[in-house]
Amino acid sequence: MEARLTLRLRPLPRTSALDRPAPRHEIALPLAGSALVWAEEVDVTAGQQTCEQLLTNDLSPAQRDRLSRPRPALCGLSLDRPRIMGIVNLTPDSFSDGGRLSDPAAAVAAARAMAADADILDIGGESTRPGAEPVPVDEEIARTAPVIRAIRDAGVTTPISIDTRNAACARAALAAGADMVNDVSALTHDPDMAHLVAEARVPVCLMHAQGDPRIMQDAPRYADVVAEVVDWLEARVAVAEGAGIARAQMVIDPGIGFGKTLEHNLTLLRWLSVFHDLGLALLLGASRKRFIGALTGVEVAAERLGGSVAVALHGAGQGAHVLRVHDVAQTRQALALWQALNTIDGITRDRA
Ligand code: HH2
57 MEARLTLRLR PLPRTSALDR PAPRHEIALP LAGSALVWAE EVDVTAGQQT
107 CEQLLTNDLS PAQRDRLSRP RPALCGLSLD RPRIMGIVNL TPDSFSDGGR
157 LSDPAAAVAA ARAMAADADI LDIGGESTRP GAEPVPVDEE IARTAPVIRA
207 IRDAGVTTPI SIDTRNAACA RAALAAGADM VNDVSALTHD PDMAHLVAEA
257 RVPVCLMHAQ GDPRIMQDAP RYADVVAEVV DWLEARVAVA EGAGIARAQM
307 VIDPGIGFGK TLEHNLTLLR WLSVFHDLGL ALLLGASRKR FIGALTGVEV
357 AAERLGGSVA VALHGAGQGA HVLRVHDVAQ TRQALALWQA LNTIDGITRD
407 RA
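Taking our numbering, the leading residue of the sequence shown gets 57, the next gets one more, and so forth.
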């Protein structure tokens, strides 16, 4: 017998530049607190099956609230427009920029330069690319904590996220001046991580992955990738809540490229707005990833700028709150245009 799928709401996102006519203000629902993206129609879905289409005024107050409520500020940043998380990989082996910042002074300089355009700096000392071997935690701490301390000593006040699956590394990073934890295992890798995040009262990104980085791309399989990723994240949110982490501190992420085929990645990107049904802030990390190379034939990851920007703008149009990217200045420029084009008759929260 087939397992029954949970019904989810998939708002159909609209922006001013792309849609005519202008929003009907009586029913236009801002998407997850966005000042630029809204929905008038919402599909009731079971996995990738649409069961029914509703207008937003057919929804219950609780459903409307879940889909539209402004998400709490993240590290002091309001989330009514997409925020850029700039990637600083302090690893010898990251898939697109490994080894570039092996010298701490170079890392600090790169982080300072990136801070001009990034809203958050995401600093990592362990590659989680497909096939990557785990790094001893002492080594991971030695790569990250001193650089975070040096960035703070250099006067950079941009919020810093530590990209780690290990509580000891997160603890050292927070002590050195980091503000949030980005855990690609969604607190499954290290049994101490949930407790640490709860105790430190910092935001945490919970990302979906199927399988460990070493083997995750071997043969990823889903009966319905949308249903499974949403359900899995919902369960991880419940575990995090049970461990004492406030929902206001949580960000969810479908984990593009983590145990997913090209088709899985594309499906999740097309269905991104369904993640707003969990009522949390949403992060998208697709920058330079392999699926962009697979679609375009661009083998060298660092040359996937155009594809990366295209996916970032798609994420913005689906109401993603945080875009995790390597090419920060270029993404900032693209978003500035996207924002300008969508502001003409875009809704604002007070008009909706
Ligand atoms: N992707 C990577 C690493 N961390 N964190 C979140 N929340 N979401 C992501 O999609 C994500 C992530 C992989 O990218 P990168 O850091 O460039 O590569 P590597 O893991 O090889 O260092």
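All C-beta atoms in this analysis are idealised placements derived from N, C-alpha and C, irrespective of residue type, glycine included.
Can you tell me the Cα-Cα spacing of residue i and residue j, whole angstroms?
i    : j    : result
I403 : A198 : With a pLDDT of 48 at I403, under the threshold of 50, the modelled position of that residue is not reliable, and no figure is offered here.
S116 : P86  : 15 angstroms
A226 : A275 : 30 angstroms
V293 : D246 : 16 angstroms
A408 : Q105 : For A408, the predicted model reports a pLDDT of 35, less than 50, meaning its position is unreliable; a value from the coordinates is still stated below. Distance between the alpha carbons of A408 and Q105 is about 29 angstroms.
R120 : V367 : 27 angstroms
M57  : A279 : Since pLDDT at M57 reaches only 45, below the 50 mark, its modelled position is unreliable, and the value read off the structure follows with that caveat. Taking the straight line joining both Cα atoms gives about 13 angstroms.
V253 : A396 : 37 angstroms
P259 : R303 : 9 angstroms
E182 : A188 : 9 angstroms
G155 : A163 : 10 angstroms
A342 : R168 : 23 angstroms
F314 : L324 : 12 angstroms
G362 : D114 : 39 angstroms
A392 : L369 : 10 angstroms
M249 : L338 : 20 angstroms
I143 : I271 : 23 angstroms
L135 : A91  : 9 angstroms
E195 : P202 : 12 angstroms
H320 : N398 : 29 angstroms
E97  : S158 : 49 angstroms
R60  : V282 : 14 angstroms
S150 : C107 : 42 angstroms
Q305 : S72  : 30 angstroms
L322 : K345 : 12 angstroms
G267 : H382 : 24 angstroms
R380 : I140 : 6 angstroms
L230 : Q109 : 45 angstroms
L336 : R64  : 14 angstroms
A296 : W288 : 12 angstroms
A299 : A224 : 18 angstroms
R360 : P160 : 26 angstroms
T317 : I218 : 27 angstroms
L290 : I301 : For the record, residue 290 in the displayed sequence is Glu; it is not Leu. Each residue's Cα considered, the two are about 14 angstroms apart.
V330 : I216 : 28 angstroms
G103 : Q273 : 22 angstroms
E284 : V237 : 24 angstroms
Tell me whether residue i sits in a helix, a strand or coil according to DSSP, three-state version.
i    : result
C131 : coil
I216 : strand
V193 : helix
E319 : helix
M300 : The question names Met, yet the displayed sequence has Gly at residue 300. Reduced to three states, the DSSP call for G300 is coil.
D248 : coil
V199 : For the record, residue 199 in the displayed sequence is Arg; it is not Val. In the structure shown, R199 sits in a helix (DSSP, three-state: H, G or I).
T399 : helix
T387 : helix
V354 : coil
W327 : coil
R380 : strand
Q119 : helix
V286 : helix
N113 : helix
A254 : helix
Just to check my reading of the structure: residue i and residue j have Cβ atoms closer than 8 angstroms, yes? What is that Cβ distance to the nearest angstrom?
i    : j    : result
P138 : A372 : 4 angstroms
C261 : V307 : 4 angstroms
L133 : G180 : No, L133 and G180 are not in contact; Cβ-Cβ is about 20 angstroms, not under 8 angstroms.
I348 : V354 : 7 angstroms
W94  : R70  : 6 angstroms
L111 : D333 : Contact doesn't hold; Cβ gap of about 16 angstroms is too wide.
L177 : T200 : Incorrect: roughly 11 angstroms between the Cβ atoms, too far for contact.
L328 : A376 : 6 angstroms
T220 : D235 : Wrong, their Cβ atoms sit about 14 angstroms apart, outside the cutoff.
G233 : R205 : 6 angstroms
R185 : P269 : 7 angstroms
D209 : H264 : About 35 angstroms separates the two Cβ atoms, so there is no contact after all.
R388 : D173 : 4 angstroms
L130 : D99  : Not really, about 28 angstroms apart at Cβ, beyond 8 angstroms.
Tell me residue i's beta-bridge partners as DSSP assigns them.
i    : result
I308 : L262 and L338
M272 : Partner(s): none; M272 has no beta bridge.
L63  : A102
A95  : P69 and L85
L361 : Partner(s): none; L361 has no beta bridge.
L243 : DSSP output for L243 lists no bridge partner at all.
V237 : I218 and V260
Within 8 angstroms (strictly less), CB to CB, does residue i reach chain D?
i    : result
W327 : The structure shown contains no chain D, having only a single protein chain.
(Q) Going residue by residue through the region 139-191, where are the continuous beta strand (DSSP E) segments of at least 3 residues, counting only ones entirely within it? (A) 139-145 and 176-180
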